[in-house]
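Residue numbers for the sequence shown follow the numbering used here, so the first one is 7 and each next one is one higher.
Positions of the beta carbon are idealized from the N, C-alpha and C atoms, including for glycine.
One structure below.
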Amino acid sequence: MTVERLQQILDQFARARVLVAGDFFLDKYLVIDAGLTERSIETGLPAYQVVEKRVWPGGAGAVAANLRALGAGTVRALGLVGRDGEGYELRMGLEALGIDTSLLVETNACFTPTYTKPVWREAGTEREMNRLDIRSRHPCPPDVEQRVLLQLRESVATAHAIVVVDQVPERNRGVITDAVRAVLTELARAHPDTVFIADSRMRAGEYPGLSVKPNRAEAIRTVFGERRAEPTFEEVLAAGRELQARSGRPTFITLAEDGLLIFDGKRVWHAPALRQTGPVDPCGAGDSVMAGIALALCSGASALEAGIVGNVVASITVQQIGVTGTASRDEVLERFRAAGDAFLPRPVDG
7 MTVERLQQIL
17 DQFARARVLV
27 AGDFFLDKYL
37 VIDAGLTERS
47 IETGLPAYQV
57 VEKRVWPGGA
67 GAVAANLRAL
77 GAGTVRALGL
87 VGRDGEGYEL
97 RMGLEALGID
107 TSLLVETNAC
117 FTPTYTKPVW
127 REAGTEREMN
137 RLDIRSRHPC
147 PPDVEQRVLL
157 QLRESVATAH
167 AIVVVDQVPE
177 RNRGVITDAV
187 RAVLTELARA
197 HPDTVFIADS
207 RMRAGEYPGL
217 SVKPNRAEAI
227 RTVFGERRAE
237 PTFEEVLAAG
247 RELQARSGRP
257 TFITLAEDGL
267 LIFDGKRVWH
277 APALRQTGPV
287 DPCGAGDSVM
297 AGIALALCSG
307 ASALEAGIVG
317 NVVASITVQQ
327 IGVTGTASRD
337 EVLERFRAAG
347 DAFLPRPVDG
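Take a look at the structure:
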């Protein structure tokens with residue numbers, strides 16, 4: 007891909023209308039100043055003192071944030087929030103990024119999914135402590151599921167891309183239930199010119215008709231079951247071919263520092279990662295890859311070109327330490343211009 011071709015693709019981003027459907031989380035960081043610790047009168051235990059709070063949209067919200075940072079014209083959020091403080095913070099965080107939250111289903115039946123991350127600050131350094139996860143331990147409420155199904159059917163006609171984020175590991179506990187997956191398959195087959203792409207931690211093999219973007223471990227687990235040993239490259243290739251055959255659309259497997267595999271139905275390509283100097287933070291890299299791929303696909307890019315775009319985006323976001331990084335179109339173009347040859351894929355199947 008040339009710089010000129012990348013510019014053509016990026017120029018189409020502002021016209022893209024994207025619906026992000028799935029599990030929207032709140033990432034809440036609570037910074038504790040070790041020097042201010044008190045002793046609780048009631049329990050006698052240390053009472054940690056929070057001096058700073060950082061909140062960002064996580065899960066599907068991180069993908070939506072990356073889409074907006076890349077300049078997508080319209081990004082709409084379809085998911086669930088509880089009627090609680092975390093729901094308010096999540097909604098405000100999304101709206102501050104220019105994301106349309108009118109399709110979020112609000113309910114008293116569930117908590118707003120939240121990753122609470124205490125951060126211990128001492129002697130000028132910070133370290134993350136045990137995470138506190140808040141999410142529903144019960145099946146998705148039927149009324150919420152029905153509203154999600156209705157909104158999917160009503161929204162598909164005006165969307166260039168439907169991006170699915172299936173974050174909750176327990177089946178039918180998140181927004182993307184078995185019924186929702188069935189309707190997504192139905193809609194994808196009825197709208198072949200619309201981009202449908204899913205990122206699922208546990209069920210990447212259950213999206214016929216949709217592109218999928220698992221990481222290496224998720225792909226292996228989906229196709230071969232749990233494995234203790236590090237998978238071989240040949241096993242990852244076999245998993246990707248199987249997932250592409252199931253979905254019938256291009257499939258992408260992220261390989262962390264080894265880049266990305268692209269399965270376009272005809273060939274398999276390996277897009278290498280840009281070798282980084284200095285510290286890197288992989289948190290949210292998969293979300294940024296997903297956003298880059300989805301926007302490129304609905305902007306006329308081939309699967310191979312979309313994989314390159316996603317790879318370039320990730321090379322930028324992993325350099326943003328301690329946050330869920332994002333990248334702009336200008337940053338993507340500049341990174342590719344400076345290191346384009348480093349991103350060039352090669353066929354791996356002959």
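As assigned by DSSP and simplified to three states, the class of residue i
i: A75; result: helix
i: N221; result: strand
i: G382; result: As shown, the chain starts at 7 and ends at 356. That puts residue 382 outside it, with no answer to give.
i: R11; result: helix
i: I47; result: coil
i: I299; result: helix
i: I182; result: coil
i: S305; result: coil
i: A165; result: coil
i: V170; result: strand
i: V26; result: strand
i: P52; result: strand
i: V229; result: helix
i: A70; result: helix
i: V338; result: helix
i: Y271; result: Going by the sequence as given, residue 271 is Gly instead of Tyr. Three-state result, G271: coil.
i: V87; result: strand
i: P353; result: strand
i: L266; result: strand
i: L138; result: strand
i: E236; result: coil
i: V318; result: helix
i: G313; result: helix
i: E192; result: helix
i: A210; result: coil
i: F117; result: coil
i: V154; result: helix
i: R159; result: helix
i: L216; result: coil
i: P198; result: coil
i: R187; result: helix
i: P148; result: helix
i: R343; result: helix
Alpha-carbon spacing of residue i relative to residue j, whole angstroms
i: G104; j: E132; result: 31 Å
i: T80; j: Q14; result: 19 Å
i: I299; j: L216; result: 13 Å
i: V318; j: T49; result: 52 Å
i: V201; j: A27; result: 13 Å
i: E212; j: V154; result: 18 Å
i: P198; j: A129; result: 56 Å
i: A302; j: V218; result: 15 Å
i: A277; j: A115; result: 44 Å
i: R127; j: V37; result: 7 Å
i: G180; j: S46; result: 37 Å
i: V186; j: D293; result: 21 Å
i: G271; j: Y54; result: 54 Å
i: I34; j: D106; result: Residue identity check: residue 34 is Lys in the sequence provided, not Ile. Approximately 21 Å, taken between the alpha carbons.
i: G64; j: D184; result: 22 Å
i: M7; j: E311; result: 7 Å
i: I314; j: G67; result: 23 Å
i: V9; j: L73; result: 21 Å
Closest residue to residue i among the options (Cα-Cα distance)
i: P124; options: R45, D39, D347; result: D39
i: L193; options: E160, D205, F117; result: E160
i: T260; options: S308, E311, A320, Y213; result: A320
i: T332; options: R343, G316, F342, A163; result: G316
i: V56; options: H144, R177, R255, L42; result: L42
i: R195; options: M208, A245, S253; result: S253
i: R21; options: S305, M208, V169; result: S305
i: Q157; options: A78, D347, L110; result: L110
i: W62; options: P52, Y121, G246, F19; result: Y121
i: Q250; options: P214, E151, R335; result: P214
i: M98; options: L32, L76, E44; result: L32
i: G246; options: L16, R273, G85, V324; result: R273
i: P353; options: V150, L267, F117, R335; result: L267
i: L84; options: E44, V162, F117; result: V162
Residue interval of the alpha helix (DSSP H) (run including residue i)
i: R127; result: No alpha helix (DSSP H) holds R127; the beta strand (DSSP E) holding it covers 120-128.
i: A357; result: Any question about residue 357 goes unanswered here, given that the chain covers just 7 to 356.
i: G246; result: 239-253
Residue i - containing beta strand (DSSP E), residue span
i: S206; result: 201-206
i: F30; result: 30-39
i: V61; result: 56-65
i: I105; result: From DSSP, I105 is part of no beta strand (DSSP E); its letter is neither H nor E.
i: E132; result: 131-134
i: A83; result: 80-84
i: V274; result: 274-277
i: E112; result: 111-113
i: D347; result: Premise fails: D347 is in no beta strand (DSSP E) and is neither H nor E.
i: F258; result: 257-260
C-beta neighbour in chain D for residue i, strict 7 Å
i: A68; result: No chain D is present in this structure, which holds just one protein chain.
Task: Contact the stretch 166-183 vs the stretch 90-97: 3+ CB pairs below 8 Å - done: Verdict: no, contact absent.
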